[in-house]
Amino acid sequence: MNVRGWIGRVAIALFTVGALLWVARLNRQAPPVATIVVAVANRAVAPYTLLTMDMLAAGQPMREVEARNQGAYPLEGATGLMTTAPLAPGDVITTDRALPATDVRFIRDLRLEIVSFAAGVDRLVGGRVRPGHRINIYGTGRDRQNRRFTELIERAALVVQVSAAGQAVMESAAVPDLTTGEVRRPAGAREPGVTMVTVALLPTRVLHLVDALSSRRLDPWVTLAAIGQADIAPVATEGLPTPPVFQVPVDPGFAATVTTTPVAIGSLGAGGTSRTPSAPDVR
Numbered sequence: 038m039n040v041r042g043w044i045g046r047v048a049i050a051l052f053t054v055g056a057l058l059w060v061a062r063l064n065r066q067a068p069p070v071a072t073i074v075v076a077v078a079n080r081a082v083a084p085y086t087l088l089t090m091d092m093l094a095a096g097q098p099m100r101e102v103e104a105r106n107q108g109a110y111p112l113e114g115a116t117g118l119m120t121t122a123p124l125a126p127g128d129v130i131t132t133d134r135a136l137p138a139t140d141v142r143f144i145r146d147l148r149l150e151i152v153s154f155a156a157g158v159d160r161l162v163g164g165r166v167r168p169g170h171r172i173n174i175y176g177t178g179r180d181r182q183n184r185r186f187t188e189l190i191e192r193a194a195l196v197v198q199v200s201a202a203g204q205a206v207m208e209s210a211a212v213p214d215l216t217t218g219e220v221r222r223p224a225g226a227r228e229p230g231v232t233m234v235t236v237a238l239l240p241t242r243v244l245h246l247v248d249a250l251s252s253r254r255l256d257p258w259v260t261l262a263a264i265g266q267a268d269i270a271p272v273a274t275e276g277l278p279t280p281p282v283f284q285v286p287v288d289p290g291f292a293a294t295v296t297t298t299p300v301a302i303g304s305l306g307a308g309g310t311s312r313t314p315s316a317p318d319v320r
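So for the sequence shown, my numbering puts the first residue at 38; every next one is plus one.
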């Protein structure tokens with residue numbers, strides 16, 4: 038066989054293989070596009086509403102890339118979200134329209150109101166108050182005779198957010214030693230001192246706190262609650278003892294004894310009241 042014939046046969050073989058590969062590629066099915074079933078509203082829903090399954094329906098399958106770009110929630114992940122905008126039937130549930138309740142109002146318990154107050158770093162445990170702490174809120178002021186007094190405004194309030202100069206304060210990353218368990222933070226890490234505290238309380242307790250700090254012009258002073266007090270939930274049971282007002286005399290002519298009088302702060306439960314107590318008496 039001469040060289041020319043050999044080259045011709047090789048060319049025919051290569052052409053045949055190429056044709057077969059081309060036909061196989063035409064017959065090959067394209068890989069399926071990844072999709073998810075997104076959640077849509079099946080009825081009108083007002084803002085500030087926790088979504089339940091009866092408010093939701095399965096929408097048309099959407100490509101994962103498109104769903105990710107739109108911030109769409111899968112059907113099984115939309116229950117329990119809180120709406121941040123009005124929903125119409127058929128609206129896709131996205132991050133522009135709903136978020137986890139804790140992102141909207143710091144805490145899931147809708148029975149609690151959220152309120153903030155400011156104080157100096159020296160009155161906020163050196164600015165070290167952090168979310169999750171239970172704090173006692175005291176108020177200091179002067180009575181009609183211009184005598185200083187201190188009273189307990191709120192006990193074991195749950196802190197849900199803190200800030201400094203309008204910026205949320207976050208703890209620096211803590212890493213435990215794998216041998217000793219000692220917690221270490223990055224060298225030189227500095228955290229700003231807190232100047233604003235946000236707490237979650239029952240509405241009656243919020244009324245009492247606002248009345249004390251605003252109407253009665255008491256200055257707040259915060260302490261970290263004792264361990265026994267930290268076990269009291271913000272919606273806790275009634276029957277807690279009525280805390281006293283601690284009257285501290287400042288005039289040297291006053292006697293050294295301190296008389297305590299009840300403060301109408303009620304319990305931490307639903308039975309709390311917001312009556313303003315009369316000025317404490319000092320003997």
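Glycine is no exception: its CB is placed at the ideal position from the N, C-alpha and C atoms. Note that the coordinates shown come from a computational prediction; the quantities given were computed from them, not determined experimentally.
Round the Cβ separation of residue i and residue j to the nearest angstrom and send it over; I've been treating them as touching at under 8 Å.
i, j, result
"Arg100", "Thr121", "25 Å between Cβ atoms; not a contact."
"Ala193", "Leu124", "Between Leu124 and Ala193 the Cβ distance is about 37 Å, and since that is not below 8 Å, they are no contact."
"Arg184", "Thr177", "Contact doesn't hold; Cβ gap of about 12 Å is too wide."
"Val166", "Ile172", "6 Å"
"Val231", "Ala201", "6 Å"
Would you check if the distance between the CB atom of residue i and the CB atom of residue j is smaller than 8 Å?
i, j, result
"Leu93", "Ala76", "yes"
"Ala138", "Met119", "yes"
"Met233", "Val199", "yes"
"Leu147", "Gly117", "no"
"Arg242", "Glu188", "no"
"Arg333", "Asp214", "The chain is shown only over 38 to 320; residue 333 falls outside these bounds and no answer can be derived."
Please state the DSSP three-state secondary structure of residue i.
i, result
"Ala94", "strand"
"Glu335", "Not covered by the structure: residue 335. The range shown for the chain is 38 to 320."
"Asn106", "helix"
"Ile172", "strand"
"Thr241", "helix"
"Ala135", "strand"
"Val236", "strand"
"Arg80", "coil"
"Val141", "helix"
"Thr274", "Low local confidence applies: a pLDDT of 32 at Thr274 is under 50, so the model's placement there is unreliable, with the coordinate-based value given in what follows. The answer is coil: DSSP assigns Thr274 none of H, G, I, E or B."
"Asp159", "helix"
"Asp214", "coil"
"Asp248", "helix"
"Ala50", "helix"
"Gly230", "coil"
"Ala379", "Residue 379 lies beyond the stretch modelled for the chain, which goes from 38 to 320, so this question has no answer here."
Does any CB atom of chain C fall closer than 8 Å to the CB of residue i?
i, result
"Asp159", "Among the chains of the structure shown, chain C does not appear; only one protein chain is present."
Leaving aside the five residues before and after residue i along the sequence, list all residues of the same chain whose C-beta is less than 7 Å from its C-beta, in chain order.
i, result
"His170", "Val196, Leu261"
"Arg145", "Ala138, Thr139"
"Asn79", "Met92, Leu93, Ala94, Pro126"
"Ala249", "Gly176, Ile190, Leu255"
I'd like the list of long-range same chain contacts for residue i, defined as Cβ closer than 6 Å, with 5 residues on each side in sequence excluded.
i, result
"Gly127", "Val77"
"Leu51", "none"
"Arg46", "none"
"Ala109", "Val75, Val129, Thr131"
"Ala237", "Ile144, Leu149, Ile151, Leu195, Val197, Pro271"
"Val70", "Arg100"
Does any heavy atom of the ligand MN sit closer than 7 Å to the C-beta of residue i?
i, result
"Glu150", "Although the ligand MN was asked about, the structure shown includes no ligands whatsoever."
Within its chain, find whatever has a CB closer than 8 Å to the CB of residue i; leave out the 5 residues flanking it on each side and keep chain order.
i, result
"Gln204", "Pro229"
"Leu161", "Gly230, Val231, Thr232, Val234, Val259"
"Ala115", "Ala76, Leu88, Leu93, Ile130, Ala135"
Three CB pairs or more closer than 8 Å across the region 149-161 and the region 251-258: yes
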